[in-house]
Structure formats: structure tokens, C-alpha cells
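Structure record follows, encoded as C-alpha cells.
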Amino acid sequence: MAIKKLEEIRLNVQPVSIEFVHEYVFEGPCRFGKGDALTKPFDEMINEEKFQDWYTQLKAHMHEDVVNLLPPIRIHGTEDWYIKDEEVRKIITDATPGVEVDLYFSVELGRVFLLNYEVARLTDKPWAMVQACCYTANSCAQHRARGIEYIPFETWEAAEDYMVVLRAKKALKNTRILCAIRNNSSVSVSSSDSIIDPDKTMDEVFGARQRTISAHELLDQTSYGDPMGNHCTPGRKGLNFTEEDAKEIERQTRELIDNAQEVRMSEEAVKKSVEMRYAIHKFMEANDCNCYAAPCGDICSTRRMNEQQVTMCLNHALNNEEGIPSACEYDLAALISMVMLQSIGRRPSYMGNTYAIPRQKDGKHIPFPKMPFFDKEETARQLAKLENVDNLVLTFHSVPNRRWTSYDAPVRPYAIGPFTHSGWGATIRYDFAADEGQVVTMCRVDPTCKKILIAKGTIVGGLGYGSVNCSEGVFFEVKDVHTFWKYQMDCGNHVPLIYGDFEDQLVQLAESLGLEVLRA
Numbered sequence: 443m444a445i446k447k448l449e450e451i452r453l454n455v456q457p458v459s460i461e462f463v464h465e466y467v468f469e470g471p472c473r474f475g476k477g478d479a480l481t482k483p484f485d486e487m488i489n490e491e492k493f494q495d496w497y498t499q500l501k502a503h504m505h506e507d508v509v510n511l512l513p514p515i516r517i518h519g520t521e522d523w524y525i526k527d528e529e530v531r532k533i534i535t536d537a538t539p540g541v542e543v544d545l546y547f548s549v550e551l552g553r554v555f556l557l558n559y560e561v562a563r564l565t566d567k568p569w570a571m572v573q574a575c576c577y578t579a580n581s582c583a584q585h586r587a588r589g590i591e592y593i594p595f596e597t598w599e600a601a602e603d604y605m606v607v608l609r610a611k612k613a614l615k616n617t618r619i620l621c622a623i624r625n626n627s628s629v630s631v632s633s634s635d636s637i638i639d640p641d642k643t644m645d646e647v648f649g650a651r652q653r654t655i656s657a658h659e660l661l662d663q664t665s666y667g668d669p670m671g672n673h674c675t676p677g678r679k680g681l682n683f684t685e686e687d688a689k690e691i692e693r694q695t696r697e698l699i700d701n702a703q704e705v706r707m708s709e710e711a712v713k714k715s716v717e718m719r720y721a722i723h724k725f726m727e728a729n730d731c732n733c734y735a736a737p738c739g740d741i742c743s744t745r746r747m748n749e750q751q752v753t754m755c756l757n758h759a760l761n762n763e764e765g766i767p768s769a770c771e772y773d774l775a776a777l778i779s780m781v782m783l784q785s786i787g788r789r790p791s792y793m794g795n796t797y798a799i800p801r802q803k804d805g806k807h808i809p810f811p812k813m814p815f816f817d818k819e820e821t822a823r824q825l826a827k828l829e830n831v832d833n834l835v836l837t838f839h840s841v842p843n844r845r846w847t848s849y850d851a852p853v854r855p856y857a858i859g860p861f862t863h864s865g866w867g868a869t870i871r872y873d874f875a876a877d878e879g880q881v882v883t884m885c886r887v888d889p890t891c892k893k894i895l896i897a898k899g900t901i902v903g904g905l906g907y908g909s910v911n912c913s914e915g916v917f918f919e920v921k922d923v924h925t926f927w928k929y930q931m932d933c934g935n936h937v938p939l940i941y942g943d944f945e946d947q948l949v950q951l952a953e954s955l956g957l958e959v960l961r962a
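Residue numbers (the numbering used here): 443 to 962.
Structure follows, in C-alpha cells:
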């Protein structure tokens, strides 16, 4: 199956060199030099040298895993100062037929300030330039004053870093979320702190869209039965498994089990969760989607998961580590945050219930939540180890990854365990304690998509590797737990995280989207 992953997106950058050449020999307040330096051939020679130097730097800092660098455009002006619109349009159109440019990256060779604007106004796209004496300030101010998005960079390194941000912004605009819903397409029963009016708000702020399907149709077609005989769609051909699908499901199940350090459930039980994921992928491909979310709480209450003995935990875990952002509980705020994290960090994210654990007046951490799936003895041991950690936070769910630093990194040691006490619903179990000292970056947009919590922490422990349900936890220390908790109250429960320090670029992305940054 071929899902068009956001990881494959590249930023189409069009280099533009706007060059000034004097047709006549003269000297004065707009022309400096003497002798041959006042001739047209000299201008052309100097422009060529400057262009080659600039283009060499541009190519060195536009990495092909981020940018699709298009062939350069060179536009020439003279002391007549103007160039006809139709000439500019033809140059721009002929340069890259069939390619939608995302960013024009320009250099000005000579006094072409106004000519730069005359070109930019015809493109309706952002423009960028690296610091070049008086040129950058002149062009940036005049473009911005006239409503054109203009991005100046102090250094080439700054430009290189910001291309990652712009690629992430493009990924958000190309986000298509398959939502397998039961009751309501705008509010999740268990994640009512998600985005309010997501179909409208996500599109307006991020350019992201959702496509809803019936959870019942999805569950019906997670089967090897007659595709014309599904209960919810009788007489309509469904996406039920074919013989080829069956072979691939067997292969994926076997591979998952063979690579695990420990398997605590039957192969048949694991296979059912693999089937669930395979069906979800078929629906994603059919609906041209690259992300997934479903309200597991809403669907659980139908008893169909219990009857079919499946959960979507394995689907979410494996999706995220393959570059397919996938969120539990139909939490679209978490999902958009995951898209942001994964598009900046180019690696899997982990979402879960996020619980700040400050100290009370007596100096002890506040009581641990009395969840039925936490093992009391293990919890007591872990908290005892963390007694000296002042700014403690815990994120827990049942969807950890096996890869953390990239989508093609080696699989780390993992176990396969059941979600339920009765032995079904495959989940990945991962020992976060093995990653103590690892820096993590996290974020969550608020329900209105006007604010975003951004924070950084360091892993200090793990929880739930040997347990069931949503007990798979990672403890980390943040800068200030009180500030973190305060901002989380505006943004919501699930605060996704990724491994690594991407805080600054995440802030840049948020600011470019017009979000108020709550930096904890």
C-alpha cells in the first residue's frame, strides 16, 4: 500500500538572481568606478562572479532531504530601472513548468531594490534573502510594507535551519487525517479538550483537513469476508482483505514477533491487531490520507473491540515510527502537535496522558494517580528513585515506538504485551528507563488553535514495561513544573514528545503560524 507520507514532502525553493547591468558608460551618485569598470562587460563579469559565489553557498545550505532546489532564474535590469510585467511573468513561468514554488530565494546584484519588488509582486509567494549589507534591509522593509511575506536571514546557517521550519509548515498544509468516528466528528468523548470545530479551525490555521469514515464500516471490513456482504454497507464493495493481503498480514505478524525480546500473548492475538492496522492503512490509502485518529473510548463502548479482540494501540505505535502521525482518543490537538514535532524533528513522536508532579508544602511529590493499570509496587519503586527530582512530569499511554531518533533507525529492544488483562489487543512495551539523560521536546496546541505549549525536558525514568493497559510511562524533568502545569491547563491533557532538542525551531514554526507561544 502506498500512503503519501508527510516525511516525503520537500520545499520547492526557486533561486532568483536579480542583476543590474549598465548599458552606458558614465559616473556619478549611482555609478562608481573608472575606466573599464564603467563598461557593460565589466558589470556582467562581476555579476557572474557574485552569482556563482552566492549560488555555491545556497546549494551548500539547501539540503536535499529538506529542499527541492530548482534551477536558478536570472533576471537582468538596466539603468532604465523598470522591466515589463509580461517579460517577468514569462521568465518565471518558463523556469519551472508544472512545479508549484514554495519560496523564492533571491540575491540582488546591484541597485535592483525596486526591480526586486516588481518581480516579487507577480509571484504571490514568500521571498527570502541572506544578509547582504544595505540590500536586505531595503528589500525586506519595502516588501513587508506592501504585504509580501519576506524572510531575511542573518547567516546562511540561519537560512538552513529555517528551511526545516518552512518544510514543516508545508507538511501541515498537506496533512489529511482519516478519522474513524462513531458519534461525533467534532468532539471526542474522552478528549473533549481537543480542537473546537476542527474541520474549520485546522484548515484556517494549519491548512490541515480531516476526512471522516464510520468506525463501524472500518470494523466490518477488518475481515476476510465477502466485500459485498458487510453489515453496514450491504451490496457495496468494501475493502475487505484479499488473499495477497492475508499473506502480507502473516508476514508482518511474524516479523513483529520475531524481532521482539519478549512476547506475552498468542500469535493469533497479535495478528488481530496487525489486521486492524492493515485495514486502517487500506482506508487511509483509499481516502488519500496520511494521518490517523479514532475515538477509542467511543468505539470501546459499542463492545465491538471486545468482540473482535482488537485495539488500535499497535496501529498508532507502528504508524508513528513509520512517519504516519497517529493519535489516540480522536485527539486532533495532539495529532496536529505530533505533525509539528515529527515534521521538525524528522522522527517518531509519543503521545500520552501528561501529569505534572510538583511538590507539596511538606516537600513530598503530590500523590500518584490511582489508575487501575499502574502496578503499585513498581510505582512506589520508581517514585522512590525520583525523590530528588524537583520538576517531575510523567507521560503515559500504550503506544511507544521502537525507533526514536529517525524513521529508519535500528529497532530498539521491545516486548509485545496485551492491552487487556484477558490477553488481547497487542501493544509495544518499551523500557524508557534505558534512555535516562535523553533530552525530549514536547508541544500541544490549545482547543482554539491560538496558543501552543512548548517545553523541553530530560528523561529520568520509566514505568509500565511489564504491565498492561495505558501504563507505559516516561518520567522527565522540565525547567519549571509549575509553569508547565499552568500552561498545560490552557492547552490540554495529551502533550506529545519527541527525542532531541528542537525547541527553537518549534517556536519559529509556531510564530510563523501566528500562534501565541507558551514556553515552559
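Idealized CB from N, CA, C, for every residue including glycine.
Nearest-angstrom Cα distance between residue i and residue j?
{"i": "Gly956", "j": "Lys892", "result": "8 Å"}
{"i": "Lys446", "j": "Val509", "result": "17 Å"}
{"i": "Asp817", "j": "Gly906", "result": "8 Å"}
{"i": "Tyr577", "j": "Ala600", "result": "18 Å"}
{"i": "Val949", "j": "Leu895", "result": "10 Å"}
{"i": "Gly475", "j": "Ser785", "result": "49 Å"}
{"i": "Ser634", "j": "Asn558", "result": "49 Å"}
{"i": "Arg801", "j": "Lys928", "result": "15 Å"}
{"i": "Leu480", "j": "His464", "result": "8 Å"}
{"i": "Glu704", "j": "Gly867", "result": "16 Å"}
{"i": "Pro938", "j": "Leu660", "result": "26 Å"}
{"i": "Cys582", "j": "Ala570", "result": "9 Å"}
{"i": "Cys674", "j": "Ser656", "result": "9 Å"}
{"i": "Ile451", "j": "Asn616", "result": "9 Å"}
{"i": "Glu819", "j": "Asp687", "result": "43 Å"}
{"i": "Lys532", "j": "His585", "result": "22 Å"}
{"i": "Tyr466", "j": "Cys472", "result": "13 Å"}
{"i": "Asp536", "j": "Leu564", "result": "14 Å"}
{"i": "Ser548", "j": "Phe493", "result": "11 Å"}
What does a CB cutoff of less than 7 Å around residue i pick up in its chain, not counting 5 residues either side in sequence?
{"i": "Trp598", "result": "Gln499, His503 and Val572"}
{"i": "Asp946", "result": "none"}
{"i": "Tyr497", "result": "Pro457 and Pro514"}
{"i": "Asn833", "result": "Glu919, Val920, Lys921, Asp922 and Val923"}
{"i": "Phe838", "result": "Gly794, Asn795, Leu905, Gly906, Cys912, Ser913, Glu914 and Gly915"}
In the DSSP assignment, find the alpha helix (DSSP H) that holds residue i and state where it starts and stops.
{"i": "Arg719", "result": "Glu709 to Ala728"}
{"i": "Val781", "result": "Leu774 to Gly787"}
{"i": "Val882", "result": "Careful: Val882 lies outside any alpha helix (DSSP H), inside the beta strand (DSSP E) at Val881 to Val887."}
{"i": "Cys582", "result": "Cys576 to Ala587"}
{"i": "Ile691", "result": "Glu685 to Asp700"}
{"i": "Ser954", "result": "Glu945 to Ser954"}
{"i": "Asn454", "result": "Where Asn454 is concerned, there is no enclosing alpha helix (DSSP H), although the beta strand (DSSP E) it sits in stretches over Leu453 to Phe462."}
{"i": "Phe493", "result": "Lys482 to His503"}
{"i": "Lys928", "result": "Val923 to Cys933"}
{"i": "Ile741", "result": "Cys738 to Cys742"}
Quick one, are the C-beta atoms of residue i and residue j less than 9 Å apart?
{"i": "Arg789", "j": "Trp846", "result": "yes"}
{"i": "Arg706", "j": "Ala857", "result": "yes"}
{"i": "Glu717", "j": "Thr664", "result": "yes"}
{"i": "Ser715", "j": "Leu756", "result": "yes"}
{"i": "Ala650", "j": "Ile460", "result": "no"}
{"i": "Leu828", "j": "Met726", "result": "no"}
{"i": "Ala822", "j": "Cys933", "result": "no"}
{"i": "Ile534", "j": "Pro568", "result": "no"}
{"i": "Tyr772", "j": "Asp740", "result": "yes"}
{"i": "Leu825", "j": "Thr796", "result": "no"}
{"i": "Met754", "j": "Ile722", "result": "yes"}
{"i": "Val561", "j": "Val455", "result": "no"}
{"i": "Cys738", "j": "Ser864", "result": "no"}
{"i": "Lys612", "j": "Leu783", "result": "no"}
So, at 6 Å on beta carbons, what are the nonlocal neighbours of residue i in its own chain, with the 5 sequence-adjacent residues on each side left out?
{"i": "Ser768", "result": "Tyr734, His758, Asn761 and Asn762"}
{"i": "Ala851", "result": "Arg845"}
{"i": "Thr538", "result": "Leu512"}
{"i": "Ser516", "result": "With the sequence shown as reference, residue 516 is identified as Arg, and Ser is not the correct amino acid for it. Hits under 6 Å: Ser459."}
Residues in the same chain with beta-carbon distance under 8 Å from residue i, minus the five sequence neighbours each way, listed in chain order, please.
{"i": "Asp943", "result": "Val881, Thr883 and Lys898"}
{"i": "Asp662", "result": "Asn672, His673, Cys674, Thr675 and Gly680"}
With residue i as the anchor, note down where its beta strand (DSSP E) starts and where it stops.
{"i": "Gln652", "result": "Arg651 to Ser656"}
{"i": "Trp569", "result": "Trp569 to Val572"}
{"i": "His807", "result": "Unbroken run through His807: none, as it is neither H nor E."}
{"i": "Ala826", "result": "Note, Ala826: premise wrong, no beta strand (DSSP E); alpha helix (DSSP H) at Lys818 to Lys827."}
{"i": "Gly899", "result": "Lys893 to Leu905"}
{"i": "Pro860", "result": "Ala857 to Pro860"}
{"i": "Tyr872", "result": "Counting along the chain, Tyr872 falls outside any beta strand (DSSP E), and DSSP gives it neither H nor E."}
{"i": "Asn510", "result": "Val509 to Leu511"}
Contact between the region 912 to 921 and the region 869 to 880 (3+ Cβ pairs under 8 Å): yes
Contact the region 608 to 627 vs the region 667 to 682: 3+ CB pairs below 8 Å: no
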